[in-house]
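**Student:**
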Amino acid sequence: MNPGPESLQSVFDRAFTGIGQVRGTFTPQLTPHEVGTITSVSTGIARVSGLPGVGFEELLEFPGGVFGIAFNVDEDEIGVVLLGEYQDLHAGDEVERTGRVMDVAVGDGLLGRVIDPLGRPLDGSGAVVARDGLPIERPAAPIMERAPVTVPLQTGLKVVDALIPIGRGQRELILGDRQTGKTAIAIDTILNQRGQNVVCVYCAIGQRASAVAKAVANLREKGAMDYTVVVVTEGNDPPGLAYIAPYAATSIAEHFMETGHDVLIVYDDLTHHARAYRELSLLLRRPPGREAFPGDIFYIHSRLLERATHLTQERGGGSLTALPIIETEAQNISAYIPTNLISITDGQIYLSPSLFELGVLPAVDVGKSVSRVGGKAQRAAYRAVAGDLKLAYAQFEELETFARFGARLDEDTRKIIEHGRRIRACLKQSEFAPVSVPAQIAVLLALIAELFDPVPIEQMTDAEHAVHAAAASIPAEVCARFETADKLSDQDRRTIIELARKSLAGFQPKPESAPVAKASAGARGDGESKSAGKPESEPKPKPAGGSKQGAPTDVKPKAKPGTDLKSKAVAAEKS
Numbered sequence: 117m118n119p120g121p122e123s124l125q126s127v128f129d130r131a132f133t134g135i136g137q138v139r140g141t142f143t144p145q146l147t148p149h150e151v152g153t154i155t156s157v158s159t160g161i162a163r164v165s166g167l168p169g170v171g172f173e174e175l176l177e178f179p180g181g182v183f184g185i186a187f188n189v190d191e192d193e194i195g196v197v198l199l200g201e202y203q204d205l206h207a208g209d210e211v212e213r214t215g216r217v218m219d220v221a222v223g224d225g226l227l228g229r230v231i232d233p234l235g236r237p238l239d240g241s242g243a244v245v246a247r248d249g250l251p252i253e254r255p256a257a258p259i260m261e262r263a264p265v266t267v268p269l270q271t272g273l274k275v276v277d278a279l280i281p282i283g284r285g286q287r288e289l290i291l292g293d294r295q296t297g298k299t300a301i302a303i304d305t306i307l308n309q310r311g312q313n314v315v316c317v318y319c320a321i322g323q324r325a326s327a328v329a330k331a332v333a334n335l336r337e338k339g340a341m342d343y344t345v346v347v348v349t350e351g352n353d354p355p356g357l358a359y360i361a362p363y364a365a366t367s368i369a370e371h372f373m374e375t376g377h378d379v380l381i382v383y384d385d386l387t388h389h390a391r392a393y394r395e396l397s398l399l400l401r402r403p404p405g406r407e408a409f410p411g412d413i414f415y416i417h418s419r420l421l422e423r424a425t426h427l428t429q430e431r432g433g434g435s436l437t438a439l440p441i442i443e444t445e446a447q448n449i450s451a452y453i454p455t456n457l458i459s460i461t462d463g464q465i466y467l468s469p470s471l472f473e474l475g476v477l478p479a480v481d482v483g484k485s486v487s488r489v490g491g492k493a494q495r496a497a498y499r500a501v502a503g504d505l506k507l508a509y510a511q512f513e514e515l516e517t518f519a520r521f522g523a524r525l526d527e528d529t530r531k532i533i534e535h536g537r538r539i540r541a542c543l544k545q546s547e548f549a550p551v552s553v554p555a556q557i558a559v560l561l562a563l564i565a566e567l568f569d570p571v572p573i574e575q576m577t578d579a580e581h582a583v584h585a586a587a588a589s590i591p592a593e594v595c596a597r598f599e600t601a602d603k604l605s606d607q608d609r610r611t612i613i614e615l616a617r618k619s620l621a622g623f624q625p626k627p628e629s630a631p632v633a634k635a636s637a638g639a640r641g642d643g644e645s646k647s648a649g650k651p652e653s654e655p656k657p658k659p660a661g662g663s664k665q666g667a668p669t670d671v672k673p674k675a676k677p678g679t680d681l682k683s684k685a686v687a688a689e690k691s
C-alpha cells in the first residue's frame, strides 16, 4: 500500500472540484464598447463616423495616445479637435470613447513647474505629482457665493497702484499694440506677489518658445517660480491645445482659490486664443461672422473670465484675479475682440505706442485706462493723493499738446507743465523693479507737495531713488496704517513730507551769485524808472467816418525788397 500517490490524487480532486464550482457560478457579462472610424484628417481636426453615444466635449482616444475633444456632434459624423500631433493619424484608424470630459491635474505639486494644457511637464524636472484633477470647463461661482472686492492687489507699479488700482477678484484687461510692454506689466505684477501669500498662474497661449523661455528664466531668477505655475502652448502647437490652454490654467487656479488662497492668473494673450478658435471653427465648417470669427466668440471669453471672483467666507474666502492681455492693431481699441474683452472685464490698462517711443515706461495711457472696481479696494493712503495726481496729470497732457504749437505761456501754465513733467518722470519705472508701498506713498506725497518741481528734470531718477531710501526710515506705526483702511492723519503726512524734503535737499538748484543778481536787479530798476519817467502815449482818436479803403489809419513802413522772404525762411527754420 503506497499512501503517496493516493494523497496527491486527492489534492487534484479537491482542486478540480473547486474549479468546477466556480465555473458553474460564473456568468459572463457583455459590456458595450463603442469604436468609431476616422473618415478624414486635416489641420488640427478629424472627422469620425460611428460612436452613436458620444457626448459634446467628450474626450476621445486615437491611436498613438493622441486625444481629441468632440466639438461638432452631427447626425452622421463627429467633428473632433485634436490635442496632439496628428501626422500619424490616417483615415480608417479606430477611435474609442473615454466616457469623460477633458481634465487637468491640480494641486501643490504644480508649483514651480512648467506644463502644457494636458498636464505634461515641459521643464525636464520629471513627472508631475498631483493626486487630484478638475475638468477644464467648470461653471462659474453663483452670485450668492461671491463677495465684494475689498483687498487691493499691489502690482509694484506706481502708475497702476495709484491711478488704475486693481483689487483681488477683479478682471483687468491689458491691451496695446505689439511690443509695447504688455507682458512686462504682467511679469512685474507676478514678481511683486513675493511674500504676499498669492499664488500665480502664467498662461502663455501661442507664444514664441524663446519669449516663454525668457519669461520663465526671469521668474526663476527673481525667485517667483516658488509660487507660480506656468502653462504653455507654443506657436507651433496644434490649435486645439491653444484653445484649451486658458481653461486648463483657470481650473488649476480655481483649485487654489477654493482652498482659501488668493490667486493671480495672467492670460498672455487671448488674441491668439481667439484666432485658434476661429481656425478650428472654420475648419469644422461653422458659420463665420464678423472678421470671420464664429458667433460664439464672445461666449468663449465671457465664460472663461466669469470664473474670476472673490468667494465668500463660507466658501473659503479665496479670490481669483484675472489679467487678460489683448494685442491691438494700429491702436484700434474699437476692433471686435478688444471691444468684447473691454465689455467683459472690470477695466483696462491701455499701453500707448507713442509713449513707448518717447521712453515713458511703462507706457500706460492714463486717459484711456480705467479701473471700475479697484478704486473701492484701494488703500486710503493712495486714495488721498490719487485724485489730485490724476487731475494734475490730465491738465498737463492737455496743456502739453497746446504748448507744442509754440504759443506763449503764462506763469501758471508753465508751472502746471513743469509739474506734469515731474509727475511723468516719477511714474516711469524700470522693468523687474517693483516699488514697495511705503516708497510709493512717499513719492506720491512729495509730488502732491510739489517737492520735485525745483529738481532739474535730468536728475529726477536720482531724486526719486533718494526718496525711496528715505522711505525706509518712516516710523513703523505709520507704515502699519498703510496696510489698513485708516486714513493718514495730518501728522503722518507732515512726517513723510519732511523726510522727502530732507532727501531732496541735495537736488535743489544752486542760487545765482549775489553780484549778478544785484546787477540784473539794477538793470531792471533802471529800465523800470526810464519807462516810468516817460508819459503814457494817448491813443489817437479814430476818424468819425471810419477807415476807408485806400486810406488806412495805421500806415506801416514799406519793407525792403526780399525782407519778407528772409523772415519767412528764418521762421521756417525755427519751426
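Numbers in the working numbering are just positions in the sequence shown, counted from 1, shifted up by 116. Just so it is clear, CB atoms sit at the ideal spot from N, CA and C, and this is done for glycine as well.
With 16 as the cutoff for other CB atoms within 10 Å, does E448 come out buried or exposed?
**Tutor:** Locating residue 448 in the sequence shown gives position 332, counting from the first residue. In the sequence as displayed, the identity of residue 448 is Asn instead of Glu. Looking at its Cβ environment, which holds fewer than 16 other Cβ atoms inside 10 Å, N448 is exposed.
**Student:** Taking the beta strand (DSSP E) that R287 falls in, what are its first and last residues?
**Tutor:** Your numbering for residue 287 matches position 171 in the sequence shown. Going by DSSP, R287 is part of no beta strand (DSSP E) at all; its letter is neither H nor E.
**Student:** Three or more C-beta pairs under 8 Å: does that hold for the stretch 240 to 251 against the stretch 211 to 231?
**Tutor:** yes
**Student:** Could you give the C-beta distance for L176 and G184, rounded to a whole number, given that I count them as a contact under 8 Å?
**Tutor:** Sequence index remark: in the sequence shown, residue 176 carries index 60 (1-based). Sequence index remark: in the sequence shown, residue 184 carries index 68 (1-based). With a Cβ gap of about 5 Å, L176 and G184 count as contacting.
**Student:** Can you name the start and end residues of the beta strand (DSSP E) that T344 belongs to?
**Tutor:** Numbered from 1 along the sequence shown, position 228 holds the residue referred to as residue 344. Start and end: 344 to 350.
**Student:** Could you check if M341 is buried or exposed, using at least 16 other CB atoms within 10 Å of its CB as the buried criterion?
**Tutor:** Walking along the sequence shown from the start, residue 341 turns up at place 225. So M341 ends up on the buried side.
**Student:** Which same chain residues end up closer than 6 Å to A675 when comparing Cβ atoms and leaving out the 5 residues on each side of it in sequence?
**Tutor:** The residue labelled residue 675 in the question sits at position 559 within the sequence shown. Because A675 carries a pLDDT of 44, less than 50, the predicted location of this residue cannot be relied on, and the following value inherits that uncertainty. Contacts found: none.
**Student:** Can you list, in chain order, the residues of its chain with a C-beta nearer than 7 Å to that of P454? Leave out the 5 residues immediately preceding and following it.
**Tutor:** As a first step, residue 454 is located in the sequence shown; it is residue number 338 there, counting from the start. Only L291, I442, T444 meet the Cβ criterion.
**Student:** Does I533 come out as helix, strand or coil in the three-state DSSP assignment?
**Tutor:** The residue you call residue 533 lines up with position 417 of the sequence shown. Note: I533 maps to helix in three-state DSSP.
**Student:** Would you check if the distance between the CB atom of V315 and the CB atom of R284 is smaller than 8 Å?
**Tutor:** Against the sequence shown, residue 315 aligns to sequence position 199. Against the sequence shown, residue 284 aligns to sequence position 168. Not a contact, by the Cβ cut-off of 8 Å.
**Student:** Could you tell me whether the stretch 526 to 541 touches the stretch 561 to 577, where touching means 3 or more Cβ pairs closer than 8 Å?
**Tutor:** yes
**Student:** Indicate the three-state DSSP secondary structure (helix, strand or coil) for K658 in the structure shown.
**Tutor:** In the sequence shown, residue 658 corresponds to position 542, counting from 1. Its pLDDT being 44, under 50, K658 is placed unreliably in this model, and the value from its coordinates should be taken loosely. If DSSP states are grouped into helix, strand and coil, K658 belongs with coil.
**Student:** Which residue or residues does DSSP assign as beta-bridge partners of T464?
**Tutor:** Counting from one through the sequence shown, the residue named residue 464 turns up at place 348. A small correction: the amino acid at residue 464 is Gln; Thr does not occupy that position in the sequence shown. Bridge partners of Q464: L289, V486.
**Student:** With the cut-off set at 8 Å, would you say P591 and T611 are in Cβ contact?
**Tutor:** For the purposes of this step, residue 591 is taken as the residue at position 475 of the sequence shown. For the purposes of this step, residue 611 is taken as the residue at position 495 of the sequence shown. Taking C-beta atoms as the reference points, P591 and T611 count as a pair closer than 8 Å.
**Student:** Measuring alpha carbon to alpha carbon, tell me which of F178, P255, L505 ends up nearest L420.
**Tutor:** As a first step, residue 420 is located in the sequence shown; it is residue number 304 there, counting from the start. Among F178, P255, L505, the Cα nearest to that of L420 is on P255.
**Student:** Tell me which residue opens and which closes the alpha helix (DSSP H) that Y318 is part of.
**Tutor:** Taking the sequence shown and counting its residues from 1, one reaches residue 318 at position 202. Where Y318 is concerned, there is no enclosing alpha helix (DSSP H), although the beta strand (DSSP E) it sits in stretches over 314 to 323.
**Student:** With a Cβ-Cβ cutoff of 8 Å, do I161 and L198 count as a contact?
**Tutor:** Taking the sequence shown and counting its residues from 1, one reaches residue 161 at position 45. Taking the sequence shown and counting its residues from 1, one reaches residue 198 at position 82. Closer than 8 Å, so yes.
**Student:** By DSSP's criteria, T414 is part of a beta bridge. Which residues make up the other side?
**Tutor:** As a position in the sequence shown, residue 414 is number 298, starting the count at 1. According to the sequence as given, residue 414 is Phe; it is not Thr. Looking at the DSSP assignment, F414 forms no beta bridge with any residue, so it has no partner.
**Student:** Name the DSSP beta bridge partners of Y383, please?
**Tutor:** On the sequence shown, residue 383 is found 267 positions in, with the first residue counted as 1. Note: Y383 sits in a beta bridge opposite C319, P440.
**Student:** Cutting at 8 Å between CB atoms, please list the residues of its own chain near R236, excluding the five before and the five after it.
**Tutor:** Looking up residue 236 in the sequence shown gives position 120. Here the set comprises V244.
**Student:** Per DSSP, what kind of secondary structure is D378 in: helix, strand or coil?
**Tutor:** Taking the sequence shown and counting its residues from 1, the one referred to as residue 378 is at position 262. If DSSP states are grouped into helix, strand and coil, D378 belongs with the strands.
**Student:** So for A648, helix, strand or coil by DSSP?
**Tutor:** By 1-based counting over the sequence shown, the position of residue 648 is 532. The predicted model places A648 with a pLDDT of 40, which falls under 50 and marks its position as unreliable; any figure quoted below should be read in that light. If DSSP states are grouped into helix, strand and coil, A648 belongs with the helices.
**Student:** Less than 8 Å between the beta carbons of L505 and T159, yes or no?
**Tutor:** For this step, residue 505 is matched to residue 389 along the sequence shown. For this step, residue 159 is matched to residue 43 along the sequence shown. No, the pair does not count as a contact, with Cβ atoms beyond the cut-off.
**Student:** Count the C-beta pairs between the stretch 380 to 391 and the stretch 292 to 312 that are closer than 8 Å, then say yes if the count reaches three, no if not.
**Tutor:** yes
**Student:** Apart from the five residues just before and just after V222, which ones in its own chain have a Cβ nearer than 7 Å to its Cβ?
**Tutor:** As a position in the sequence shown, residue 222 is number 106, starting the count at 1. The residues are A246, D248, G249, L250, S367, I368, H371.
**Student:** Within 10 Å of its beta-carbon, does K618 have 16 or more other beta-carbons around it, so buried, or fewer, so exposed?
**Tutor:** Position 502 of the sequence shown holds residue 618. If you draw a 10 Å sphere on the C-beta of K618, you find fewer than 16 other C-beta atoms in it, and that means exposed.
**Student:** Give the DSSP-derived three-state secondary structure of N448 in the structure shown.
**Tutor:** On the sequence shown, position 332 is the one that residue 448 refers to. The answer is coil: DSSP assigns N448 none of H, G, I, E or B.
**Student:** Would you kindly work out how many angstroms separate the C-alpha atoms of T143 and G136, rounded to a whole number?
**Tutor:** Indexing the sequence shown from 1 puts residue 143 at position 27. Indexing the sequence shown from 1 puts residue 136 at position 20. Their backbone Cα atoms lie some 13 Å apart in a straight line.
**Student:** Whether or not the stretch 483 to 496 and the stretch 424 to 437 are in contact is what I'm after, with contact meaning three or more pairs of Cβ atoms, one per stretch, closer than 8 Å; do they touch?
**Tutor:** no
**Student:** Look at Q545 and P469 and say whether their C-beta atoms are less than 8 Å apart.
**Tutor:** Looking up residue 545 in the sequence shown gives position 429. Looking up residue 469 in the sequence shown gives position 353. Taking 8 Å as the Cβ cut-off, Q545 and P469 do not qualify as a contacting pair.
**Student:** Since I believe K274 is in contact with C595 (beta carbons under 8 Å), could you give me their beta-carbon distance rounded to a whole number of angstroms?
**Tutor:** Stepping through the sequence shown from its first residue, residue 595 is reached at position 479. Stepping through the sequence shown from its first residue, residue 274 is reached at position 158. Actually they do not touch by this definition, with Cβ atoms about 17 Å apart.
**Student:** Between F414, S156, S459, which lies nearest to R488 when the distance is taken from Cα to Cα?
**Tutor:** As a first step, residue 488 is located in the sequence shown; it is residue number 372 there, counting from the start. Here the closest residue by C-alpha is S459.
**Student:** Taking a contact to mean a Cβ-Cβ separation below 8 Å, would you say I465 touches I301 in this structure?
**Tutor:** By 1-based counting over the sequence shown, the position of residue 465 is 349. By 1-based counting over the sequence shown, the position of residue 301 is 185. Cβ atoms of I465 and I301: closer than 8 Å.
**Student:** Taking only the alpha-carbon atoms, compute the straight-line gap between E395 and V196 and give it to the nearest angstrom.
**Tutor:** Walking along the sequence shown from the start, residue 395 turns up at place 279. Walking along the sequence shown from the start, residue 196 turns up at place 80. Cα-Cα distance, rounded: 13 Å.
**Student:** What is the C-beta distance between V553 and Q270, in whole angstroms, given that I count them as a contact (C-beta under 8 Å)?
**Tutor:** Looking up residue 553 in the sequence shown gives position 437. Looking up residue 270 in the sequence shown gives position 154. Yes, they are in contact, since the Cβ atoms of V553 and Q270 sit about 6 Å apart, within 8 Å.
**Student:** With DSSP as the reference, identify every bridge partner of L176, one or two as the case may be.
**Tutor:** One-based indexing of the sequence shown puts residue 176 at position 60. G184, R213, per the DSSP bridge assignment.
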